[in-house]
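Numbering (my numbering), first residue to last: 10 to 136.
Read the structure below first, then the notes.
This is the structure:
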């Protein structure tokens, strides 16, 4: 197998995440990977320290067609509270598909939460 290429995207712009709403994480492009590709991807998000400890933080990778339609959700991973959270997916993105990532934070009082930083990184191979 040839040497992998490396994904290394970051976006430090603060964003308020409305409670209970799925938000697509934008880097240079909302598409994390375009198929055909094999990948090992890590998304790391940093939420404000004042995020309530009982806040539910959910992340999910999903595939779409190249126009962003026909989403196919992967399993949602759940974390709690502020600070740093990691979400990992390894797999194949088929030809004609895009891999994207969404984040949702649910707070008991319905308040928004500040997303301070996010990165997407990891090796990938064109197939």
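Quick reminder that beta carbons are idealized off the backbone N, C-alpha and C, glycines included.
Cβ neighbour criterion (16 or more within 10 Å) applied to residue 89: exposed
Close-in-space but distant-in-sequence residues of the same chain around residue 29 (CB under 6 angstroms, 5 per side omitted): 115
Among 123, 133, 107, nearest to residue 44 - alpha-carbon criterion: 107
Residue 97 vs residue 56 beta-carbon contact at 8 angstroms: no
Segment contact, 8 angstroms Cβ cut-off, at least three pairs: the region 123-130 with the region 66-74: no
Beta-carbon proximity check, residue 59 vs residue 117, cutoff 8 angstroms: no
Length of the line joining the Cα atoms of residue 13 and residue 132: Each residue's Cα considered, the two are about 6 angstroms apart.
Test item: CB-CB of residue 95 and residue 51 under 8 angstroms: yes
Status (buried if at least 16 other CB within 10 Å, exposed otherwise) for residue 102: buried
Beta-carbon spacing of residue 113, residue 41 below 8 angstroms: no
Extent of the continuous beta strand (DSSP E) run through residue 84: Run containing residue 84: none; DSSP gives neither H nor E here.
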